[in-house]
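In our numbering, the protein residues as written are -9 to 239.
In C-alpha cells form, the structure reads like this:
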C-alpha cells in the first residue's frame, strides 16, 4: 500500500493574513434608535380625548367671559387681528390696562367665534383636540430623550400625565387653551432642539425657534422652557445610542 505524502506546509511569509471582521454598524442615532410603539402615542391621544369628550356640551365659564364672551375684540373675528397682536390680553373687556400678552390663543378664539358665533361647542372641541395632540407629542418627544430608560417607564409617565385630574380645569375652561398650547409648542421646540443636536441640520434649529415663539405668544409662562431646555440636555445628553445602549434597535 502506497504511503501518503505529508501535506506541504505553507511558509509563514506566504500565509494570507486573516481578514478582519467587518466593523459592526453603529446603531442609529436617538432619532430612530427606539422608534417605540405607535400605539402608545395613539393611546395617549385617545385617552386625552375620551376623558374630556364630556366637555363638548359645556357653556362658557370662569375666564371665558373676559377672554371671549364679553370681549369685543375677540367677537370681532379676524378683522381685529391687528388689535389682538398690538394690545394686551383683555383689552376688549377691561377698562384698566393689563400686563398679559397672549395674542396667538386669542387669535384662535377670534377665528372660531367668526366661524361659529357664540357657540362654545367648537371651542371646547378644539381644546380637547389640542390636549389629545399634546399627549401624542409628549410621547414622541420623551421616548427619544429617555432612550436609555425602559420604554414602559416613559409610556406610563405620559399616560399618567394625560389622565391626571389636575388638568380638568385647563381642558374644560376654554380660555385655558393658552396653557395647552404653551405646553404643546414648548414640547415641540424641545423635540426640534433634540433633532438639531442629533442630526446637525439647521432647519430643526429654525423649527425650534418657531415653535418656541408660538409657545410664548400663547402664554408667557412658556418662558420656563428656557430653563427646561438646558436642564434636559444636561441630564439626558443627546448622544447616539450605540450597541451599549440597554435598549438597542
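Here a beta-carbon is modelled for each residue, glycine too, at the ideal position from N, C-alpha and C.
Between residue 222 and the set 173, 136, 166, the nearest pair of CA atoms involves 136. Taken through DSSP and simplified to helix, strand or coil, residue 85 comes out as coil.
Comparing C-alpha distances from residue 115 to each of 203, 42, 211 shows the shortest one belongs to 42. The closest CA to that of residue 35, considering only 163, 59, 150, 180, is found on 150.
Assigned with DSSP and collapsed to three states, residue 226 falls in coil, not helix or strand. Around the beta carbon of residue 181, 16 or more other beta carbons lie within 10 angstroms, which makes this residue buried. With a threshold of 16 other beta carbon atoms within 10 Å, residue 200 falls short and is exposed. Here residue 58 is near residue 64, since their CB atoms are less than 7 angstroms apart. Residue 159: member of the alpha helix (DSSP H) spanning 158 to 162, first to last residue. Note on geometry: alpha-carbon atoms of residue 225 and residue 111 lie some 42 angstroms from one another. Here residue 156 is exposed, its C-beta having fewer than 16 other C-beta atoms within 10 Å. DSSP places residue 54 within a helical segment (H, G or I) once states are collapsed to three.
The C-alpha of residue 91 is placed about 7 angstroms away from the C-alpha of residue 77.
Distance check between residue 38 and each of 148, 28, 131 places 148 closest, using alpha-carbon atoms only.
For residue 154, no alpha helix (DSSP H) encloses it, and the DSSP letter there is neither H nor E. Between the C-alpha atoms of residue 44 and residue 187 there is a straight-line separation of about 41 angstroms. One Cα belongs to residue 197, the other to residue 84, and the distance between them is close to 35 angstroms. Rounded to the nearest whole angstrom, the CA to CA distance from residue 93 to residue 142 is 38 angstroms.
In the structure shown, residue 117 adopts helical secondary structure according to DSSP, grouped into three states.
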